[in-house]
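Working notes, structure below.
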Amino acid sequence: MARQFARAELAPIAKEIDEEGRFPWEAVEKMGPLNFFGMQAPRAYGGAEMDTLSYCLAIEEISRVCAAVGLTIAVHNSVVVYPLSKFGDDRQKAKFLAPLAAGEKIGAFCLTEPNAGSDAMAIESTAIREGDAYVVNANKIFVTNGGVADTLIIFVSVNPDDVKKGFSAILVERGTPGFEVGLLENNCGMRANPVCSIALTDCRVPKENLLGREGDGFKVAMAALDTGRIGIAAQAVGIGQGALDVSLKYAKERIQFRVPIARHQAIQMMLADMGTMVEAARLLTLQAAYVKDQGGEVAGPSAMAKLFAGRTASKVVSMGVQIHGGYGYSRDYPIERYFRDARATEIYEGTNEIQQIVIARELLKREEE
Ligand code: CAA
127 MARQFARAEL
137 APIAKEIDEE
147 GRFPWEAVEK
157 MGPLNFFGMQ
167 APRAYGGAEM
177 DTLSYCLAIE
187 EISRVCAAVG
197 LTIAVHNSVV
207 VYPLSKFGDD
217 RQKAKFLAPL
227 AAGEKIGAFC
237 LTEPNAGSDA
247 MAIESTAIRE
257 GDAYVVNANK
267 IFVTNGGVAD
277 TLIIFVSVNP
287 DDVKKGFSAI
297 LVERGTPGFE
307 VGLLENNCGM
317 RANPVCSIAL
327 TDCRVPKENL
337 LGREGDGFKV
347 AMAALDTGRI
357 GIAAQAVGIG
367 QGALDVSLKY
377 AKERIQFRVP
387 IARHQAIQMM
397 LADMGTMVEA
407 ARLLTLQAAY
417 VKDQGGEVAG
427 PSAMAKLFAG
437 RTASKVVSMG
447 VQIHGGYGYS
457 RDYPIERYFR
467 DARATEIYEG
477 TNEIQQIVIA
487 RELLKREEE
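Every number in our numbering is 126 more than the matching position in the sequence shown, counting from 1.
Here's what the structure looks like:
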């Protein structure tokens, strides 16, 4: 279904929405009833309760055609709906989960700040308890889905003197007085996703919106990212597969030296490497999904999958550009969009270097055991 939907609804608009930097409401509104926004949410809240393996296949198929929409649903499902399902209380689930799972509301995850990227613990945003509310002051940047999100998980400290002790997650609704959507980031790729800054100034948020307890926020963030990274790996696989698809097509059409360039061994070798690399990244991604579905420890496998799949996507799209030659450098061919989109998968939800830190820690832990 994801493959059919991507081909029928996203393929015709992928180029245009990238060029215009436009969020494709017309397609997104059709994705809600198909459960793309509640893929793993509990059935009791209208979700599809799919396993992670199926979730990865769906993200791959959407990203294969339009990575910016793949990003919208990956972030919504894995770093918003998932932590809400895992850490939310009954009241929070009743209020927030059903409209998110139905795609009536879109979610965002707000961790990054101007001075807190890889060093997530360095956040400066605060939530100070005043009576039955928290007064939130936050300056979040690079918020995926930020321009269209209604329900946002904002990471703050309830204790500015000890950020670690006070690190907390709070649910904030768009439209709360003091909530402001900032300018769109002028990103190189994923341009149909409204990535932007979000500012909260003296924003009074009901105390019931705290997700987990005070001080639990870092664990909420890490648990969300451990899952989210599997989705980003699936996205990178989809981009790599999409780059391979268009390169195969081009190689069969383009005539040089009187034959389609697919007949030249130099091109065949690139295609062979691209196919092998994408397949390896896919298997590592599905393995991480399998570990998650089995209830295993997922931090290491998801970091490995994201690291490998992100690097693979970048290498594969670059080879795809090479196969296209001069046309690969032109905005008229889709490989150029894949080339820009792929790069982000090595950066968001933790850079390659952060994944290496997580992987090394896991390996050393195993060694000690
Ligand atoms: N699961 C549960 N708990 C975890 C954890 C995990 N995966 N990783 C760490 N923790 C716990 C630790 O056990 C520790 O707990 P105690 O204090 O009780 O011992 C606590 O959290 C602090 O851990 P560390 O000392 O390891 O923390 P650190 O400051 O060294 O940072 C890090 C660890 C892995 C580098 C982390 O900072 C990190 O992942 N950074 C990258 C952040 C990131 O991915 N940002 C992307 C933002 S989202 C985005 O991209 C936008 C989008 O919308 C797509």
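Just so it is clear, CB atoms sit at the ideal spot from N, CA and C, and this is done for glycine as well.
Would you check if the distance between the CB atom of Ile78 and the CB atom of Gly243 is smaller than 9 angstroms?
Past the edges of the chain, shown from 127 to 495, lies residue 78, and the structure says nothing about it.
How many Å lie between Cys182 and Val298 at the Cα?
Mapped onto the sequence shown, residue 182 falls at position 56. Mapped onto the sequence shown, residue 298 falls at position 172. Using only the alpha carbons, I get a separation of about 28 angstroms.
Measure the C-alpha to C-alpha separation of Glu405 and His202 and round it to an integer number of angstroms.
Residue mapping note: residue 405 aligns to position 279 of the sequence shown, counting from 1. Residue mapping note: residue 202 aligns to position 76 of the sequence shown, counting from 1. In a straight line, the C-alpha of Glu405 is about 26 angstroms away from that of His202.
Ligand 1 and Asn271: does the residue's C-beta get closer than 8 angstroms to at least one heavy atom of that ligand?
Taking the first residue of the sequence shown as 1, we reach residue 271 at position 145. Within the cutoff, so yes.
Where Glu472 and Val191 are concerned, what is the direct C-alpha to C-alpha distance, given to the nearest angstrom?
Position 346 of the sequence shown, counted from the first residue, corresponds to residue 472. Position 65 of the sequence shown, counted from the first residue, corresponds to residue 191. If I take the Cα positions, the gap works out to 19 angstroms.
Hey, would you say the C-beta of Leu237 is under 8 angstroms away from at least one heavy atom of ligand 1?
Within the sequence shown, numbered from 1, the residue matching residue 237 stands at position 111. Yes - ligand 1 has a heavy atom lying nearer than 8 angstroms to the Cβ of Leu237.
Out of Ile365, Ala486, Phe305, which one is the CA nearest neighbour of Ile461?
Along the sequence shown, read from residue 1 onward, the residue named residue 461 stands at position 335. With distances taken between Cα atoms, Ile461 lies closest to Ile365.
Could you spell out where the alpha helix (DSSP H) holding Arg364 opens and where it closes?
Translated into the one-based positions of the sequence shown, residue 364 becomes position 238. In the sequence as displayed, the identity of residue 364 is Gly instead of Arg. That run of the alpha helix (DSSP H) goes 343–379.
At which residue ranges does the segment 170–204 contain complete alpha helix (DSSP H) runs of 4 or more residues, listed in the order of the chain?
As far as the segment 170–204 is concerned, its whole alpha helix (DSSP H) runs of at least 4 residues are 178–191, 193–202.
Indicate the three-state DSSP secondary structure (helix, strand or coil) for Asn335 in the structure shown.
As a first step, residue 335 is located in the sequence shown; it is residue number 209 there, counting from the start. Helix at Asn335.
Are the Cβ atoms of Phe465 and Gly446 separated by less than 9 angstroms?
On the sequence shown, residue 465 is found 339 positions in, with the first residue counted as 1. On the sequence shown, residue 446 is found 320 positions in, with the first residue counted as 1. It is a contact, given that the beta carbons lie within the stated cut-off.
I need the boundaries of the beta strand (DSSP E) containing Thr112, first residue and last residue.
Examination of residue 112 is not possible in this model, given that the chain is present from 127 through 495 alone.
By how many angstroms is the C-alpha of Met348 removed from the C-alpha of Ala429?
Taking the sequence shown and counting its residues from 1, one reaches residue 429 at position 303. Taking the sequence shown and counting its residues from 1, one reaches residue 348 at position 222. C-alpha separation (whole angstroms): 12 angstroms.
Is the beta carbon of Phe163 closer than 9 angstroms to that of Gly229?
Position 103 of the sequence shown, counted from the start, is the residue given in the question as residue 229. Position 37 of the sequence shown, counted from the start, is the residue given in the question as residue 163. Contact: yes.
Who are Lys266's beta bridge partners in DSSP?
Within the sequence shown, the letter at position 140 stands for residue 266. Lys266 is bridged to Ile324.
Where does the unbroken alpha helix (DSSP H) through Phe305 begin, and where does it stop?
Within the sequence shown, the letter at position 179 stands for residue 305. Here Phe305 belongs to no alpha helix (DSSP H); instead the beta strand (DSSP E) covers 305–310.
Have a look at Gly338 and Ile188 and give me their C-alpha separation to the nearest angstrom.
As a working mapping, residue 338 is identified with position 212 in the sequence shown. As a working mapping, residue 188 is identified with position 62 in the sequence shown. Taking the straight line from one Cα to the other gives about 32 angstroms.
Identify which residue in Ala425, Cys329, Ala362, Glu146 has its Cα closest to the Cα of Lys491.
To locate residue 491, count along the sequence shown from 1; it is residue 365. Selected option, being the one with the closest Cα: Ala425.
Compute the minimum distance between the beta carbon of Glu475 and the heavy atoms of ligand 2, and state whether it is under 8 angstroms.
For the structure depicted, ligand 2 is absent and the ligand set comprises only ligand 1.
Use the C-beta contact count for Gly172: other C-beta atoms within 10 angstroms, 16 or more gives buried, fewer gives exposed.
Within the sequence shown, the letter at position 46 stands for residue 172. So Gly172 ends up on the buried side.
Is the beta carbon of Gly315 sitting closer than 9 angstroms to the one on Ala137?
Stepping through the sequence shown from its first residue, residue 315 is reached at position 189. Stepping through the sequence shown from its first residue, residue 137 is reached at position 11. Not a contact, by the Cβ cut-off of 9 angstroms.
Report all residues from its chain with a CB closer than 6 angstroms to the CB of Val284; omit the five preceding and five following residues, and keep chain order.
Within the sequence shown, the letter at position 158 stands for residue 284. Closer than 6 angstroms at Cβ, skipping near neighbours: Ala253, Gly292, Ser294, Glu340.
For Ile461, which of helix, strand or coil comes out of DSSP?
To locate residue 461, count along the sequence shown from 1; it is residue 335. Of the three classes helix, strand and coil, the one that applies to Ile461 here is helix, per DSSP.
Please confirm whether Leu370 and Met400 have their CB atoms less than 9 angstroms apart.
The count along the sequence shown starts at 1 and reaches residue 370 at position 244. The count along the sequence shown starts at 1 and reaches residue 400 at position 274. A contact, by the Cβ cut-off of 9 angstroms.
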